[in-house]
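In our numbering, the protein residues as written are 22 to 177.
Dropping the structure here:
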């Protein structure tokens, strides 16, 4: 069984989209822990406190095993979960995404909201610079000088 590769962001990205007069601002960033993800969510929510919604999702852990999302007042299942599903689709971990919505006066409906939040997240991911998350082990080898060349050969 091969191990699944997970990806991380190299830098924060912000993408703005207009859908039926509503403005969606997607901010995606690296977060190594739940606490760091929550801090980023708080910062962005404070920055856009006049917005109608600041919906969010995050995934952390070397196996992407800790995750959570919030619709932040949008109908249940129309914002946070689609954003989380998009992060999972791209095998991201240690990632937090916040989509800020300024309502434009036209209701999008359930399907429209799901599409808008997942597409905003996907646009930000596609604009991002990603790296494979690698797990390293550090070893210390102590040997005699006589064995150094043989050891180098075997390590190659």
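C-beta: ideal position from N, C-alpha, C; glycine also.
Ranked by how close their Cα comes to the Cα of residue 66, the residues 41, 127 and 92 have 92 in first place. C-alpha of residue 116 to C-alpha of residue 58: approximately 8 angstroms in a straight line. Scanning 75, 56 and 103 for the CA closest to the CA of residue 133 turns up 103. By the CB criterion at 8 angstroms, residue 127 and residue 41 fall inside the cutoff. Straight through space, the alpha carbons of residue 160 and residue 89 are spaced by roughly 35 angstroms. A direct Cα-to-Cα measurement between residue 141 and residue 47 gives close to 6 angstroms.
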